[in-house]
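Residue numbers (our numbering), protein chains in the order written: chain F, 8 to 397; chain E, 8 to 397. A short worksheet on the structure shown next.
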């Protein structure tokens, strides 16, 4: 079976963009191509998968083709992949399978979202419809409210309090302050992050990711052509994905995400690694509590000890076994829904090639992980990457 | 490399449905499972791909997971695949690649669209955004208008007139009258179809497909497990897909679809067949002119002779070399956008197993084709099927 490598990866800065969908996508693709050794010829691309929840720029259908048309990928099979905030995590999986299937040698996986030209009212609509509609949204539950419920229950079940979430926020802002592509490049101290204005009790402003525009693009290649593009490929060693009930009330527990547990165990197993082998992990922290739960579901901390993991700074850059969200994560780097999954790959690609700019390089990063969640956990894709092919 | 078979396929009747997304999807899945020999256990399904433009039932994001949750496909990786009206044609391709990749043995490809609980104004919005927005939609061009431009140009370039389109309409209504799952089960005569009220000159009511709700579901299996599910699998012998410029003005010609030409040549080549080998073809006739162009782009007629092909009744059930749209096609069977592509497979599956109900069985149908187009041709997926594995 063919092995698959990441040979190029790039993204726009996340934040408020004046440019629209086509401009953002072209920039991300251009940066991905520029990261490839020598002059990359886009006609080498056989197929493309682009993740987006709603694109957001008025063009809703067939937009994947519009984007490849505007980035010199003429005539190739291309489609949108959608799983809410996990859209491009699944685009990556599907691109990886396309190469594994023997049908394509060079495949693009990417993602994009334009959030900031939607009116605030429309924006709430797009976001809200990724959770359960029938039981949650129509009863008034928004995403901050959904994750606030998880946080309250977590504090009730385990030795944890909002202070643990503050530690996550401080860490991710610190990392983001060193990332020139982050939406928010500003460190905050504990005092400030602990006293943000309330959004959904107990979650404050500093517990919630910002509303970002952005695009990201990853170029994958089959083992037999990878060396044509770079001497330092990053290998996709494992891919795992799963789904779960949309509505919280259908789940046996709301302090763990079954989809994350399933997806990560599948990815670890395929890669032949364990959680302790991961040096750098880009984790889906749409809210700080999500990172606490993910550190447990991914196996970095024992069940119920995710709060303690945060409190002890075990995910801080080069301070523990694993650096969590060296990019700043969704909290600080930003969260342009569809772009987030492949944007995480951009960071891991840099880290494993020792190219992380802005002093946020993880020492001796050999094995990386990306964790991309849709909505409140109905879908999840986890990928494991390595500097070595096997 | 593993071969892939269709072992089950089912769909709802197309039309106006009282049931919502979950009900329609469960019905299509149930019918697909029922078409499998013996009792099918849905836990055998490893992965799923569901095509939809907009779902249409208020749940916009993560909806693929909501649907698999409600059809006993718990925990599996699932995602929405979107390419406007070609969404489930691409879902089929991606499901096929998932099996070819060795990552899955049993995969579901399906599609769904709920059109009729959108207000007329919203419905125009969903539909319109699948064409080019910047150059076409904002200038007032709708889909009937887009295809009307193609028709006018076709009549200008070649020996053809609106009468040829009437023949397509009469044929597809005749076929649809024999399909109990068709939205419109009513034959029309030439006189009536020639005198429909004008929609977009020269296209009348009888040149345009209806607005349908519906869902379709196809179960694919790897060669080494296919026999566990049926003694009469239908093999996917070739898959081809392509893209093209969204806006008509960017294309060298608007009387042919480059995406159809590319996709079909790739599918024929992989299957080792030529157009003349196809016995039954489900062709994307969102408007009658689209079928005329497709008969040329797919190679059933020479360039410029698609009108003559229709005029001579060469696609009528068992009258020529190939039966075109034995189901009634989009014109008569209906067009629930995301459901259409895998719905075409439902028909070919029945035809190749000699199980087409309602007297529309194509004699000695051994090789079939599905042709699914996104928007006005920006995306296209073509698949070739056969009774024999090789």
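All C-beta atoms, glycine included, are put in the ideal place defined by N, C-alpha and C. Keep in mind that this is a model prediction, so the values were computed, not measured.
Between the alpha carbons of residue 93 of chain F and residue 87 of chain F lies a distance of about 12 Å. The C-beta distance from residue 120 of chain F to residue 78 of chain F rounds to 17 Å, too long to fall under 8 Å, and the pair is not in contact. In this structure, residue 28 of chain E and residue 62 of chain E form a Cβ contact; the two beta carbons are roughly 6 Å apart against a cut-off of 8 Å. For residue 193 of chain E, the three-state secondary structure derived from DSSP is coil.
Looking at F:229, F:210, F:200, the one whose alpha-carbon comes closest to that of residue 115 of chain F is F:229.
For residue 89 of chain E, the nearest CB of chain F lies under 7 Å from its own CB, placing it at the interface with that chain. With fewer than 16 other CB atoms across the displayed protein chains lying within 10 angstroms of its CB, residue 146 of chain F is exposed. By the neighbour-count criterion, in which 16 or more other beta carbons inside 10 Å mark a residue as buried, residue 259 of chain F falls on the exposed side. Interface annotation, residue 69 of chain E: in contact with chain F, CB-CB separation under 7 Å.
Of the residues F:395, F:279, F:304, F:219, the one whose Cα lies closest to the Cα of residue 122 of chain F is F:219.
Looking at the DSSP output, residue 260 of chain E sits in no beta bridge, so it has no partner there.
Around the beta-carbon of residue 320 of chain E, fewer than 16 other beta-carbon atoms lie within 10 Å, marking it exposed. For residue 391 of chain F, the enclosing beta strand (DSSP E) covers residues 386-393.
Within the stretch 97-110 of chain F, the residues whose Cβ lies closer than 9 Å to some Cβ of chain E are 97, 98, 100, 101, 103, 104, 105, 106, 107, 108, 109, 110, listed in chain order.
With the rule of 3 Cβ pairs closer than 8 Å, the stretch 287-299 of chain F counts as touching the stretch 206-225 of chain F. Excluding five sequence positions before and after residue 364 of chain F, the CB atoms of its chain that fall closer than 7 Å to its own CB belong to 187, given in chain order. From the beta-carbon of residue 113 of chain E, no residue of chain F is found nearer than 8 Å; the closest lies around 15 Å away. The criterion of a C-beta distance shorter than 7 Å is satisfied by residue 289 of chain E and residue 377 of chain E. Close to residue 252 of chain F, with beta-carbon spacing below 7 Å, are these residues of chain E in chain order: 76. Distances from the CA of residue 208 of chain E to each of E:241, E:302, E:148, E:286 were compared; the closest alpha carbon is that of E:148. Chain F places a beta carbon closer than 7 Å to that of residue 382 of chain E, counting this residue as a contact. DSSP places residue 90 of chain E within a strand segment (E or B) once states are collapsed to three. The CB of residue 301 of chain E never comes closer than 7 Å to any CB in chain F; the least such distance is about 18 Å. Those residues of the stretch 311-337 of chain E placed with their C-beta closer than 7 Å to a C-beta in chain F do not exist. Of the candidates E:191, E:267, E:35, E:267 places its Cα closest to the Cα of residue 382 of chain E.
Within the stretch 90-114 of chain F, the complete alpha helix (DSSP H) runs of at least 4 residues fall at 94-107.
The beta-carbon separation of residue 183 of chain E and residue 357 of chain E, rounded to 15 Å, does not stay under the 8 Å limit for a contact.
Within the same chain, and ignoring the five residues on either side of residue 155 of chain F in sequence, the residues whose Cβ sits closer than 7 Å to its Cβ are 207, 208, 209, 210.
Residue 155 of chain E sits in a helix when the DSSP states are folded into three classes. A direct Cα-Cα distance of roughly 8 Å separates residue 390 of chain E from residue 271 of chain E. With a threshold of 7 Å between beta carbons, residue 396 of chain E makes no contact with chain F.
In chain order, 54 place their CB closer than 6 Å to the CB of residue 84 of chain F, counting only its own chain and leaving out the 5 sequence neighbours on each side. Here DSSP, grouped into helix, strand and coil, assigns residue 332 of chain E to coil. Taking C-beta separations shorter than 7 Å and ignoring five residues to either side along the sequence, the partners of residue 261 of chain F in its chain run 156, 157, 160, 255, following chain order. Between the alpha carbons of residue 12 of chain E and residue 251 of chain F lies a gap of roughly 28 Å.
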